[in-house]
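Quick notes on the structure that follows.
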Amino acid sequence: LTKVGGNLGVYANHALADLDLSTLSEVGGDLLFNNNDLSALGLPALTNVGGLVKVRNHEALESVNLSGLASTGGLLHIRDNDAMTSLYLSALVSVGGDLLVENNPALAILDLLTLESVVGPLELKSNDSLPAFKLPALTSIGGTLSISFNDALTSIEVPALAETAEYGITVWGHIALESFSFAALDSVGGDVYIHKNDVLPSLNLSMLTTVKGLVSVKENDALTAFSLPVLSEVDQSIVVEANDALLSFEFP
19 LTKVGGNLGV YANHALADLD LSTLSEVGGD LLFNNNDLSA LGLPALTNVG
69 GLVKVRNHEA LESVNLSGLA STGGLLHIRD NDAMTSLYLS ALVSVGGDLL
119 VENNPALAIL DLLTLESVVG PLELKSNDSL PAFKLPALTS IGGTLSISFN
169 DALTSIEVPA LAETAEYGIT VWGHIALESF SFAALDSVGG DVYIHKNDVL
219 PSLNLSMLTT VKGLVSVKEN DALTAFSLPV LSEVDQSIVV EANDALLSFE
269 FP
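In the numbering used here, the protein residues as written are 19 to 270.
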């Protein structure tokens, strides 16, 4: 099997432990895997999905290999896979809707190194074993970028993203986060929330000039100082609250 012109859906097959789709290269519609007993899902030859992609609600699924997938026409959701340790999206360049990786508690490897654009929001949430999150190629996003409640996460790197159109950025609820960097970020079209990151000592938003919403830095217990050295415009409020170790902060 190399091509499916419509949808490919595999649902609720509770004895299905193995599935060989290694030669499939194209799906014209949606690609859906939900609540099967698979231990691995490998589609290494798949390069394009015309619709959405969902892989969700698996108890035994340990790995997902979509290493050849370059683009989706719709959203991409990977969520609620209890045993999944690795997710390979090594060739993914564009997502035609929102990108959600949520509630995969064993996920330790997430490869999104080639991702350049997401038409909708991008959310990374409640992946409690993931140590780092890197998006080195991301330059365009059409919704909020939200990274929250990933218990093992120590670092976030988004070095190429310069603006977020009319949307915001949230970094919230991490107990191990030591650093995050948005080194090229110049303009945020919505709100910026940096909340409840327990061991975060500093912020790197050194190129940020404009925020069209509010800026809120709140309840980051280890934050001692921060500077936004070129920030010139915030259209709404600036809130700096309950950062217990904060000694100083600076705006130009």
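We treat Cβ as the ideally placed atom computed from N, Cα and C, and that holds for glycine.
Can you grab the Cα-Cα spacing for the pair residue i / residue j, in whole Å?
i, j, result
"Glu268", "Ser173", "23 angstroms"
"Leu39", "Ala178", "35 angstroms"
"Pro270", "Asp98", "44 angstroms"
"Asp260", "Ser104", "Looking at the sequence shown, residue 260 is not Asp but Ala. So the two alpha carbons sit approximately 36 angstroms from each other."
"Val22", "Ser112", "20 angstroms"
"Val257", "Ala109", "39 angstroms"
"Val137", "Gly114", "5 angstroms"
"Ala202", "Met225", "6 angstroms"
"Pro154", "Thr132", "7 angstroms"
"Leu42", "Val67", "11 angstroms"
"Asn83", "Tyr106", "5 angstroms"
"Leu128", "Glu134", "15 angstroms"
"Ala150", "Thr65", "26 angstroms"
"Glu44", "Pro62", "11 angstroms"
"Ile159", "His192", "23 angstroms"
"Leu156", "Phe198", "15 angstroms"
"Gly86", "Pro123", "24 angstroms"
"Lys72", "Thr20", "20 angstroms"
"Leu221", "Gln254", "20 angstroms"
"Glu175", "Ser166", "14 angstroms"
My guess is that residue i and residue j are in contact by the Cβ rule of under 8 angstroms, so how many angstroms apart are they, rounded?
i, j, result
"Leu17", "Asn121", "No answer is possible for residue 17: the residues shown for the chain start at 19 and end at 270."
"Leu117", "Met102", "Their Cβ separation, rounded to whole angstroms, is 16 angstroms, which puts Leu117 and Met102 out of contact at 8 angstroms."
"Gly27", "Leu50", "4 angstroms"
"Ala183", "Gly207", "5 angstroms"
"Leu125", "Asn145", "5 angstroms"
For residue i, I'd like the list of residues in its chain whose CB is within less than 6 angstroms of its CB, leaving aside the five on either flank, ordered along the chain.
i, result
"Ile212", "Val189, Val235"
"Ser164", "Glu141, Thr188"
"Pro139", "Asp116, Gly161, Thr162"
"Leu266", "Note on identity: in this sequence residue 266 is Ser, with Leu being the wrong assignment. Excluding residues within five positions, the ones whose Cβ falls inside 6 angstroms are Ala243."
"Glu251", "Thr228"
"Arg74", "Asn52, Arg97, Asp98"
"Leu70", "Asp48, Gly92, Leu93"
"Asp209", "Gly186, Gly231, Leu232"
"Ser81", "Ala58, Ser104"
"Asp100", "Glu77"
For residue i, write down the residues that DSSP places opposite it in a beta bridge.
i, result
"Asn66", "Glu44, Ser89"
"Asn53", "None, per the DSSP bridge assignment."
"Leu163", "Leu140, Ile187"
"Val258", "Val235"
"Ile96", "Val73, Val119"
"Phe151", "Ile174"
"Leu59", "Val82"
Can you tell which of the options has its C-alpha closest to the C-alpha of residue i?
i, options, result
"Ala30", "Leu61, Glu77, Thr65", "Glu77"
"Asn238", "Phe200, Ala183, Ala194", "Ala194"
"Gly60", "Val71, Ser199, Asp36, Val233", "Asp36"
"Val217", "Thr20, Val176, Asn54, Glu196", "Glu196"
"Leu93", "Val119, Pro123, Lys214", "Val119"
"Ser205", "Glu175, Glu181, Gly86, Leu223", "Glu181"
"His95", "Lys143, Ala124, Gly86", "Lys143"
"Ala263", "Pro219, Leu223, Ser245, His32", "Pro219"
"Asn4", "Ala58, Ser85, Thr90, Leu34", "Residue numbering for the chain in the displayed model covers 19 to 270; residue 4 lies beyond these limits and cannot be assessed."
"Asn215", "Leu171, Leu156, Phe200", "Leu171"
"Lys152", "Asn222, Ser158, Phe200", "Phe200"
"Ala33", "Asn54, Leu19, Leu156", "Asn54"
Establish whether the CB of residue i and some CB of chain D are separated by less than 8 angstroms.
i, result
"Leu264", "Absent here is chain D; the protein component of the structure consists of one chain."
For residue i, which residues in the same chain have their Cβ closer than 7 angstroms to its Cβ, ignoring the five residues on either side in sequence?
i, result
"Leu246", "Leu223, Leu226, Phe269"
"Gly46", "Val22, Gly23, Gly24, Gly68"
"Ala88", "Thr65, Asn66, Ala109, Leu110, Val111"
Tell me which residues share the same chain as residue i and place their Cβ nearer than 8 angstroms to its Cβ, disregarding the 5 neighbours each side in the sequence.
i, result
"Val248", "Ser224, Met225, Leu226, Thr227, Pro270"
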